[in-house]
Each structure stands twice: as structure tokens, then as C-alpha cells.
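Student: Pasting a structure here, questions to come.
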Amino acid sequence: MANQSSLPLYERVNLKNSKFQAVELLLLFLLFSLLTFHFLSLKQYGTPALIAFLCESFFTFKWILVLNIKWNQIKCMEYPDRLLKQKTELPAVDMFVTTADAELEPPILTMNTILSLLAVNYPVERLACYISDDGASPLTYYALVETSKFAKIWLPFCKKYDISVRAPFRYFATSSKPSQEDSFEFQQEWKMVKDKYELLCQKIEDASTTSAPCIDFPEMDKKNHPAIVKIIAEEEGMPHLVYISREKRPKKPHHFKAGAMNALTRVSGLMTNAPFILNVDCDMYVNNPQVILHAMCMFLGVDNERDCAFVQFPQEFYDGIKDDPFGNQYVVLVKFLGHGLAGIQGPMYGGTNCFHRRKVIYGLSPDHNITTGELSDLDLRRKFGKSSMMKVSAAEILSVSPSSKGALSSFVEDAHCVAGCDYEYGTCWGHRGTLAFLYKISIKFSLNQYYVGWRYGSQAEDVLTGLEIHRKGWRSMHCTTDPASFLGCAPSTGPDTMIQTKRWATGLLEVLFSSKSPITATINGNLQFRQCLAYMWVLSWGLWSIPELVYSLLPAYCIISGSHFLPETYEPAIVIPVAVFLIGNIYTLSEYLRIGLCTRAWWNNQRIARINCTSSWLFALSTVFMKLIGLSESAFVLTAKNATTNSDEVVMNKDDGKFTFNESPIFLPGTTILLVNLTALLFGIVGFLATTPHSNEVRIGELLCTLWVFLYFWVFFKGLYGKGKYGIPSLTILKSGVLALMFTHFCKLSEKA
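Positions in the sequence shown are counted from 1; adding 11 to them yields the numbering used here.
Laid out in C-alpha cells, this is it:
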């Protein structure tokens, strides 16, 4: 038997994919063949063929980007048991939880996430949990105080009986009452803990109806208040627990979530200064108590730290609506593209469920080791700010010379300082430092970009921060476990899903059109070319809205105007688009079937992808365009989260699974596309019945394409006659009707021309 001390802490396994790679290459060949046909038929078919050629060029390029990601799929296998035998002392970890609105993100949901973090299988003296409340909510603070009291019961209970699910709302909802075979002691403790949890829920619910649930935390303006730092728990047998609400003032930039993360980083740097950081969104609880051990297997198991700057766990969801009607569970995306990125330079940073090396967050290059003597006081001040304690803690992390910390209370005064809204001025937090000291500091830090912490300048601060880390030459790791390490709640209504995808696409486009794009990171930095292509696929989501929108209208245009862009049915070339359609759909369907999903889930994801692309992403593109020309600024919009009421149920919205509508203009493009294609179907059917059999063959291809688009937007068709929130507002239908009439008139004019 091999010596345990010599066994690797993790292994990389290549996932065989040769059969599907052959299909992917065949589909790529067919796409190029289709482009060739349209190019050669420009003279015969005119403008429709040119439009089809341009749109399909975008789709072909998009497919190349997808193939680049999926080509070399890697899965990592971690061995936590070996870690415990090889390491006598595990490194400390600071855990960050972010919340911003107590109404959209109910405190009981956040408290369950915190309880699951506090109860992980890891030495409690090596853990600290920091909660950032950007809403400065007395309710959130009160809930945290009460949760810390319940944690003194919950943590021993979980560890004594090795409870697998350590978020109480999920544990009590998914586990039945103790059986008669369980010990009497367990039955008694189970009931006691459950009663205490229900009391906690009731206290938080009651507090939500009062204006000031906490005497020592008065009501204040969440957009105009001083920094608040309160130590909730600092005692043996339990991780440290700290509440933070950074200072906010009118007309002072706060940089959304990135600003909150940087404030957390500074405060935690003063108080505990752990070399590793875990950040989790308030709705993502720990589902696997071994999660930190899995991450440490990667951090401590690599031969070179360059290979593991951060460990990203996928976002997976609990109580997902059957067959994923809103396409927001991303099971296929996580399964195939996550493993594919692991085979290049590593997964992108997803904003949650991610472990970081603190020194990487502090801007260190993988090629440079720093000694304490290299770090002058002036350089540290310019980079990390004026706090002497902050400078000392940063120097300790960068030079790998950690020292023991004192009581947390001794750092509170400085913590208020570093959580202030003016602290970052003149430093490198979130952005480039001043040019006056770039040359000097480059000698000291050997950095290509002079910034610290989470990057500013985009709503997609996660992708931007991860991109900058990869640009320096760091690699990242993708970690999947069974059971899943983190579970969260996905939006349960159509409007919420569209708001979320619009926000994502907006942030990604902000990165793409900035000076920090993957192209410049490859040319001027150490971002690998294939990783650059992977980033381009993600960042360009909003750009695909234009060819998708045009292509969804092209068949209708051809039917109404009497033109063509597809081969005639008696031509041999008709085999090409038919093969692309059939093979493409069968291939994507096979991905869903391979991981146990059904055909309906595949169809739901296909249709919602078209809807999001032609609506949410289109509005994201217009938002970024208006920002680029200086006419407006993009606004960050939170997505509402489902709450939990008691231990036995999760509140399910009555609209779950049903597509609802509102007055938002985001539904205008989808309604217009539906009306245009519905009009074209009527034109096509009438023309089909009125002409000779030989002429009938000419429009079959375009007619079938129009029918397929109509099926994609079926939920909008139902919305035309739906009532209340299930129906499209009359004003939206009127506006779409006018646009559809204008498009039809344009098509008829084209026919005459």
C-alpha cells in the first residue's frame, strides 16, 4: 500500500468525448457548407441570401467558440481523507456572505446560508464568517444576532450526528421525523432543535413587522449612513461572526457588489487575515459539509501555486421547477462547459461559490515572490490605503509571513476606517492606481495591472475580476462534488429570469467593450488564446441578439415579400440546411438525455434561449450602447429570492412554472416577433393553397422556419389572450402590432422593388 503522505490530494481525469467530437466537427462542416451555398447564391437570391450569410457567419463563429471550450474536458477528483492525514494544521479561511436588500433577499434565507457555512466540517478556530449588508437593514442585523444564538445549538447537533444537510430549512424540509430505530437521545434533540429553529423563524418574521427590531441598530437611510462593523460572535467552539455595512454617501460611488466585496476584504484582512477567502451569495447554502476540504485539496495539492489561483464550484439549485420552464438551472452548461474550461486555463469566476487566494486578490503576479523587505511603507499606502493595520496585514499576506491576531474587538476602530466610502481614494482598490507610482511599484510587485481586490467598471464584476487574474498568468480549478457543494434558488418567474439575464448580459458587454477585454489581455498579458476565445463566447452574449433577431424575422420577410434564402426543395442543396437543423437539434437533445433530463426540459431551454436572446440581451446591448455614447448609466437591479417560512416548507410562488408578463418594454420584441411570424404564416398558408403544386414547393422551407419560430414564441401567443398577469398588456400588444404592420409594409415594398 502506498504511503499516505505521498499520495496526491487530487487527480485530473480526461473525459472521453470522441464520438460527440465527431458530430461537432460534422456540424461545423455543414455550417461552412451552408455559408458557401449562401455566398454562391447571392446573385440568385439577392438581399435575403446576404442577410442569411451574415447571420449564419455569426452562428458559425459562435459554434467554433463553443467547440473550443468543450474540446478537452477535465474532471478533478479530490481526496479530503488524504488531506486530513497529510496536514497537521489546515489554513484559515474567511467566508464572505453578501446581501443588499432585506425585502428581495429575505433574512431567513441569508441566515440559513450563514448557518450552513458555520457548520462545515473544518476546524472552527480556522474559520471566520463576515456578512456584508449593503442595505444597512436593522432586520438583517437582528436576524444575524438571533441566528448566532441558534448556531450554538445547531453546530453541535450537526457534528454530533454527522448531519449531511446543514442548512436547517432544507434539513427539516427534506428529512422526515426520526424513526423508532433512532436513539431516544437523537429523537429528543431533533425535536428540540426543530422547535428552536421554528422559534428563530417566528422571531425574524415578527421583527419584520416592526420598525426597529434592534435597540442598538436604529433605522437609517440605506444610501446615506456611516460604516457599521459589529462583532456578533467571538468565542470558542464557533467560528467568528462579523456584521458589516460599509459607509454610503450620496454622490459617492459604491461600485455595487464589487465595492462590498472589497470592503469585506479589507475588514477581514484587519481582523483575521486568512490566506484563503470563500465568497457565497446570500441564497447559496452549503450542501456538502466537506466543501472546504475539497477546495484545500486543490490549493495545497498543486505543485505550483500558479495552477490554482481560485477554485470555482458550480451554481446548482434546489427545488427547481419541473423541466426547467425558464431555462435558468443551467444543468447542461455546468456539466459540459464547466469541465471544458477546466481543460484550458480554468473556469471563469462566477461571483459565488468560489475560494480565492487572498494574495491573488491583492494583485500578486504568479511569477513573483515578495519578501517583507521589498514592501516599503509608501508603496503599501499607495496600493492598500492609509490604515497602518491594513498595510501590515497586506504585507503579511504578500510576503507569506502570517502572524497571530488578537481579539477582534481591538480592530473595530480601524475596521470602520477601511469600510469608509473615501478610503479607496488614491489607492489601487478596484481600479488602476495613479500613474505617479506605477513604475516604482512595478519593481516591487512585478504586476502587469496595478489594482487590488474586485474590479470596478462592470456589473459583471466577477467575470472581470477572474479575467484579470487569468491575464496575469494564474490558472483556476473547477470542482464538482457529489452531493453538490452549494445549492441555491433560481428565479421562479419569467420576468425575474429576464431581468437577471439582462443584468448579466449588460455586465458582460461592459467588459467586452472596455480596455480590459480578453483580446487586450491576450496581446498584452498572459491570457491563453483558447481561454481568450472562451471569454469571448461569454462576453459576447448580448451581441448575438442582433443576428438572432434578424434571423427570426428573415423567413417571415421572405414569405411576405415573395423572396427566398433557402434552396428550393427539389435542389440537392436543400440537404444542407435540413441536416444542420436535424443534427444540431438531435445533438443538443442528446446532451440533456445523457444527464437524465427529458425532452421537455430540452425544449424549454431552447425556446427560453431564443426569447432571452431577442429580448433581454437586446435590451442589454442597447443599455451598453447608451452608456458608451454617454447618454445614460446602467443600473444594477436585484432579482427577488424565494423565502422560507418554517422548517416544513419552502414558499413556492403561485406563478412558479407559469410565464407571466408586466408593463416592461422587455416583452415588446418577443410580442413583435410573434405577430410578424403569425402574419407570415397566414400569408404562407393562403399562398400555399392558392398556387399550383409546383409553386407550392418553392416556399416550404421558409414556411417551416416561420412555424418553428412561432413555436419558440408560443408563450407570447398564449399571452395574447391571457388574463391578468398571464396576459401581455394591451399597450405592449398595440405597440407590437404597429411595429408588425410597419414590417409587413416594408416587406410588401421590397416585393414591388
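Note that beta-carbon positions come from the ideal geometry of N, C-alpha and C, so glycine has one too. Since the structure is predicted, the reported quantities are computational estimates derived from the model, not experimental observations.
1) Does the structure place the segment 136-146 close enough to the segment 92-112 that three or more beta carbon pairs sit under 8 Å?
2) Evaluate Gln199 with the Cβ neighbour count: other Cβ atoms within 10 Å of its Cβ, from every protein chain shown; 16 or more gives buried, anything less gives exposed.
3) Taking the straight line between their C-alpha atoms, what separation do you get for Ile408 and Thr491?
4) What would DSSP say about Lys451, mapped onto helix, strand or coil?
5) In its own chain, which residues sit with a C-beta less than 8 Å from the C-beta of Phe347, not counting the 5 before and 5 after it?
6) Let me know if Val156 comes out buried or exposed under the rule of 16 or more other beta-carbons within 10 Å of its beta-carbon.
7) Counting only the same chain and skipping the five closest in sequence on each side, list residues whose C-beta sits under 8 Å from that of Asn123.
8) Based on Cα-Cα distance, which residue from Val474, Ala426, Val313 and Asn298 lies nearest to Leu281?
9) Under 8 Å between the Cβ atoms of His367 and Leu26?
10) Excluding sequence positions up to five away, which residues of its chain have a Cβ less than 6 Å from the Cβ of Met309?
11) Span of the beta strand (DSSP E) holding Leu252?
12) Should Val463 and Lys527 be called a contact, given that it needs their Cβ atoms to be closer than 8 Å?
13) Taking a contact to mean a Cβ-Cβ separation below 8 Å, would you say Met359 touches Gly477 in this structure?
14) Are three or more beta carbon pairs between the segment 92-102 and the segment 262-275 nearer than 8 Å?
15) Alpha carbon to alpha carbon, how far is Lys241 from Leu255? Give it in angstroms, no decimals.
16) Apart from the five residues on each side of it in sequence, which residues of its chain come closer than 6 Å, Cβ to Cβ, to Phe324?
17) Tell me the residue span of the beta strand (DSSP E) that contains Leu289.
18) State the DSSP-derived secondary structure class of Gln1, mapped to helix, strand or coil.
19) Can we say the segment 539-558 touches the segment 61-75, given the rule of at least three CB pairs closer than 8 Å?
20) Less than 7 Å between C-beta atoms, sequence neighbours within five positions excluded: which residues of the same chain meet that for Ser398?
21) With which residues is Asn235 paired in a DSSP beta bridge?
22) Using only the alpha-carbon positions, how far apart do Tyr373 and Val176 sit?
23) Between Leu544 and Glu521, what straight-line distance do the alpha-carbon atoms span, to the nearest angstrom?
24) Quick check on Ser52: buried or exposed, where buried means 16 or more other Cβ atoms within 10 Å of its Cβ?
25) Just confirm the distance between the C-beta atoms of Val474 and Val549, as a whole number of angstroms; I'd bet it's less than 8 Å.
26) So, using beta-carbon positions, are Asp334 and Arg611 closer together than 8 Å?
27) I'd like to check one pair, Thr512 with Gln470: are the Cβ atoms closer than 8 Å?
28) Would you mind giving the Cβ-Cβ distance between Ala509 and Ser627, rounded to the nearest angstrom? I have them listed as a contact below 8 Å.
29) Identify, in the order they occur along the chain, each residue of the same chain with its Cβ nearer than 8 Å to the Cβ of His236, setting aside the five sequence neighbours on each side.
30) What are the boundary residues of the alpha helix (DSSP H) that includes Arg611?
31) Span of the beta strand (DSSP E) holding Ile85?
32) Rounded to whole angstroms, what is the Cα-Cα separation between Phe448 and Cys439?
33) Whole angstroms are fine: how far does the CA of Ser420 sit from the CA of Gly431?
34) Give the C-beta separation of Thr283 and His251 to the nearest angstrom, bearing in mind that I take them to be a contact with Cβ-Cβ under 8 Å.
35) Have a look at the DSSP bridge pairing and note the partners of Ala2.
36) Going by DSSP, what residues sit across from Leu750 in a beta bridge?
Tutor: Concretely, from the data shown:
1) Segments in contact, yes.
2) The residue is exposed, with fewer than 16 neighbouring Cβ atoms inside 10 Å.
3) For Ile408 and Thr491, the distance between alpha carbons rounds to 28 Å.
4) Summary for Lys451: the model assigns pLDDT 39, below 50, so the residue's position carries little reliability; its value from the coordinates is reported in the next sentence. Reduced to three states, the DSSP call for Lys451 is helix.
5) For Phe347, where only same-chain residues beyond five positions count, the Cβ hits under 8 Å are Lys81, Gln84 and Glu602.
6) The residue is buried, with at least 16 neighbouring Cβ atoms inside 10 Å.
7) So the qualifying residues of the chain are Ala178, Pro179, Phe180, Arg181, Tyr296 and Thr655.
8) Per the Cα distances, Ala426.
9) Cβ atoms of His367 and Leu26: not closer than 8 Å.
10) Closer than 6 Å at the Cβ level, and outside the excluded window around Met309, lie Tyr21, Cys319, Val322 and Met488.
11) Counting along the chain, the unbroken beta strand (DSSP E) around Leu252 starts and ends at His251 to Ser256.
12) Val463 places its beta carbon 8 Å or farther from that of Lys527.
13) For the 8 Å CB-CB criterion, Met359 and Gly477 form a contact.
14) No, they do not touch.
15) In the sequence as displayed, the identity of residue 255 is Ile instead of Leu. Straight-line Cα distance between these residues: approximately 7 Å.
16) Within the same chain, Cβ atoms closer than 6 Å to the Cβ of Phe324 are found at Asn364, Cys490, Ser496 and Phe497, the five residues on either side in sequence being excluded.
17) Residues Phe287 to Asp292.
18) There is simply no residue 1 to check, as the chain begins at 12 and stops at 764 in what is shown.
19) Touching, yes.
20) Result list for Ser398: Asp425, Cys428 and Val429, in chain order.
21) Under DSSP, Asn235 shares a beta bridge with Asp232.
22) A straight line joining the alpha-carbon of Tyr373 with that of Val176 spans about 34 Å.
23) C-alpha separation (whole angstroms): 17 Å.
24) So Ser52 ends up on the buried side.
25) Contact flag correct, Cβ pair sits at about 7 Å.
26) It is a contact, given that the beta carbons lie within the stated cut-off.
27) Contact flag unset, no.
28) As written in the sequence, residue 509 is Met, which differs from the Ala given in the question. Contact holds; Cβ gap of about 5 Å.
29) Excluding positions up to five away in sequence, the list reads Ala147, Ser256, Glu258 and Lys259.
30) Boundaries of the alpha helix (DSSP H) harbouring Arg611: Thr610 to Thr625, taken from the DSSP string.
31) Going by DSSP, Ile85 is part of the beta strand (DSSP E) stretching over Ile85 to Glu89.
32) Confidence is the limiting factor: at Phe448 the pLDDT is only 36, short of 50, which leaves the residue's position unreliable, though a coordinate-based value still follows. Roughly 11 Å between the two C-alpha positions.
33) Taking the CA atoms as reference points, Gly431 sits about 18 Å from Ser420.
34) Their Cβ separation, rounded to whole angstroms, is 6 Å, which keeps Thr283 and His251 in contact under 8 Å.
35) It is not possible to answer for residue 2, since the shown part of the chain is limited to 12 through 764.
36) Its beta-bridge partners do not exist; DSSP assigns none.
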